[in-house]
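Engineer: I'd like to ask you about the structure that follows.
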Amino acid sequence: MATRVTLSEVAELAGVHRGTASRALNPQTESQLNIDTVRRVKQAAESLGYVPDALARGLRMSRSMTVGMIIPDLTSPIFPPIVRGIEEILQPQGYTALLTNSDGDLAVESSLYDSLRQRRVDGFLLATGRLDEQPVLARAQADGVLAVMVNREAGRAPFPAVIADSQAGIRMALDHALELGHRRIVHLSGPTSFSTTRQRREAFVAAARGVAGLEWGVHEAADLSIAEGERVMAEVLATSHRPTAVLAGNDLLALGALHTIRRAGLRCPEDLSVLGFNDMPFAGDLSPALTTIHVPLRQIGCESARMLLQAINSGVQKPITRTLPVSLQVRESTGPVPA
């Protein structure tokens, strides 16, 4: 069996003290050293095949060097870019994200929270999302743990959050439809138990009420899925006064709406324009390519991880909400109002 390379051997090869080698190989302390020294130590470690003992370092710092993450649906296209952003920040600092999936089940969320606490994670990144029922947040508050809400608001719980500017996004989408001449516009809303979809619904209603002569309505989906988009769009088409534009609360609902429009023998955008929200990775590959609101998902992950690391390193957590800007991505699914 090959013997494990020690930190002392790395230090000897690099020509530095063992403590200097330790600081050079620690992402949290390497900035204290000269760049050339850090480079020399890292080259020595690489040439010897040295693997830092994260557990030992964590014990010295009274940390596990892990972060627990609970998300509601691993299969949703919204989360891979967010997780990539989180890992982009955590990994260089020596942290590992323990990713778990709750399927949106409150009992599962609580069980996952217990499991991650037992593993002594240093903090949580949470995308648990019901505004009316958030037992995990209540427990986290009672336990005094560090946590950041990811693409969700914390409600009354005193935790920081990173979200996108849903109000501005809905306003951009509505303005785009209005500029194309649309005056009969429907919003396909997600369930209002989620902070993101509630914000978008409220923003649409507020903006629509301010437009003179606009005929508008809201149809609520039971969840944020393609199937629900199909079902709710069928309801819309069954109404006596069909809209000319649809603003969906997310891209999956928009995709479902496109399916129903096509099955009804209608064309998008010639007969009906469709707008999404989030700019999920598939949005530009649809036919027609989806006009949508781009949400900086990867940046949401990055900012969430940064906020949590700041809290871990300082021991202080402030319940601030960071709202990131969004932008309109005009593609093929929107066009002038039908003549």
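The sequence shown begins at -6 in the numbering used here and counts up one residue at a time.
Even glycine gets a Cβ: it sits at the ideal position worked out from N, Cα and C.
Bear in mind that the values here come from a model prediction, so they are computed numbers and not experimental data.
Which one of ILE82, GLU2 and THR314 has the shortest CA to CA distance from PRO155?
Structural biologist: Note on identity: in this sequence residue 155 is Val, with Pro being the wrong assignment. Ranking ILE82, GLU2 and THR314 by Cα distance to VAL155 puts THR314 first.
Engineer: Counting only the same chain and skipping the five closest in sequence on each side, list residues whose C-beta sits under 6 Å from that of THR22.
Structural biologist: Within the same chain, THR22 has close Cβ partners ARG16.
Engineer: Could you check which residue in GLY294, LEU265 and LEU217 has the C-alpha nearest to that of MET62?
Structural biologist: Nearest option by C-alpha distance: GLY294.
Engineer: Ordered along the chain, which non-local residues of its own chain (more than five positions away) have a Cβ less than 6 Å from that of ALA298?
Structural biologist: Closer than 6 Å at Cβ, skipping near neighbours: ILE79, ILE82 and LEU83.
Engineer: Where in the region 15 to 77 do unbroken runs of the beta strand (DSSP E), each at least 3 residues long, occur, reported from the N-terminal end onward?
Structural biologist: Runs found: 59 to 64.
Engineer: Should ALA199 go down as buried or exposed, given a rule of 16 or more other Cβ atoms within 10 Å for buried?
Structural biologist: It is exposed - the Cβ of ALA199 has fewer than 16 other Cβ atoms within 10 Å.
Engineer: Please give the ranges of any alpha helix (DSSP H) in the region 205 to 264, keeping only runs that are unbroken, at least 4 residues long and fully inside the region.
Structural biologist: Complete alpha helix (DSSP H) runs here, min 4: 219 to 230 and 244 to 256.
Engineer: Considering only residues of the same chain and omitting the five flanking positions on each side of VAL3, which have a CB-CB separation below 8 Å?
Structural biologist: Answer for VAL3: ALA14, LEU18, VAL34, ALA37, ALA38, LEU41 and TYR43, listed in chain order.
Engineer: Just tell me which of GLY242, LEU251, ARG260 and ALA304 has its CA closest to the CA of ARG191.
Structural biologist: For ARG191, the nearest C-alpha among the options comes from GLY242.
Engineer: Relative to the C-alpha of GLU102, which candidate in THR316, PHE117, SER188 and VAL204 has its C-alpha closest?
Structural biologist: When only C-alpha atoms are compared, the closest one is PHE117.
Engineer: Taking Cβ to Cβ, would you say LEU248 is nearer than 7 Å to ILE286?
Structural biologist: Going by C-beta atoms, LEU248 is not nearer than 7 Å to ILE286.
Engineer: Apply the 10 Å Cβ neighbour rule to THR237 and answer buried if 16 or more other Cβ atoms are within range, or exposed otherwise.
Structural biologist: Label assigned to THR237: buried.
Engineer: Should MET273 and PRO73 be called a contact, given that it needs their Cβ atoms to be closer than 7 Å?
Structural biologist: Contact flag unset, no.
Engineer: Determine the DSSP secondary structure at MET(-6), reduced to helix, strand or coil.
Structural biologist: With a pLDDT of 43 at MET(-6), under the threshold of 50, the predicted position of this residue should be treated as unreliable, though the coordinate-derived value follows. In the structure shown, MET(-6) sits in coil (DSSP, three-state: anything other than H, G, I, E or B).
Engineer: Work out the CA separation of GLN25 and PRO153 for me, nearest whole Å.
Structural biologist: Rounded to whole angstroms, PRO153 to GLN25 spans 29 Å at the Cα level.
Engineer: Given a cut-off of 7 Å on the beta-carbon distance, is the pair GLY137 and VAL330 in contact?
Structural biologist: It is not a contact, given that the beta carbons lie outside the stated cut-off.
Engineer: Run the CB neighbour count on GLY222, radius 10 Å, all protein chains shown included, and call it buried at 16 or more, exposed below.
Structural biologist: GLY222 comes out buried.
Engineer: According to DSSP, is GLN322 helix, strand or coil?
Structural biologist: In the structure shown, GLN322 sits in a strand (DSSP, three-state: E or B).
Engineer: Are there 16 or more other CB atoms within 10 angstroms of the CB of GLU263, so buried, or fewer, so exposed?
Structural biologist: Label assigned to GLU263: exposed.
Engineer: Contact defined as beta carbons within less than 8 Å: I believe LEU265 pairs with PHE197. What is the distance between those atoms, to the nearest angstrom?
Structural biologist: About 17 Å separates the two Cβ atoms, so there is no contact after all.
Engineer: For the alpha helix (DSSP H) containing ALA133, name the first residue and the last one.
Structural biologist: Start and end: 128 to 136.
Engineer: Check ALA170 in the structure and name its three-state DSSP category.
Structural biologist: Helix, per DSSP.
Engineer: Could you pull out every residue in the same chain whose Cβ sits closer than 7 Å to the Cβ of SER1, ignoring the five residues on either side in sequence?
Structural biologist: Excluding sequence neighbours, SER1 sits near ARG11.
Engineer: Assign LEU67 to buried or exposed, taking buried as 16 or more other Cβ atoms, counted over all protein chains shown, within 10 Å of its Cβ.
Structural biologist: Exposed.
Engineer: When DSSP labels each residue in this structure, what does VAL9 get in the three-state scheme?
Structural biologist: Looking at VAL9 - three-state DSSP - the assignment turns out to be coil, as it is neither helix nor strand.
Engineer: Distance, Cα to Cα, LEU409 vs GLY162?
Structural biologist: Residue 409 lies beyond the residue range present for the chain, which begins at -6 and ends at 332; the question has no answer from this structure.
Engineer: Rounded to whole angstroms, what is the Cα-Cα separation between ILE254 and MET142?
Structural biologist: Going by the C-alpha atoms only, they are around 36 Å apart.
Engineer: Excluding the 5 residues flanking ARG113 on each side, which residues of the same chain have their C-beta closer than 7 Å to its C-beta?
Structural biologist: Around ARG113: SER57.
Engineer: Pop quiz: GLU296 and LEU321 are said to be a contact at Cβ under 8 Å. What is the actual Cβ separation, rounded to whole angstroms?
Structural biologist: With 8 Å as the limit, GLU296 and LEU321 do not qualify as a contact, their Cβ atoms being about 21 Å apart.
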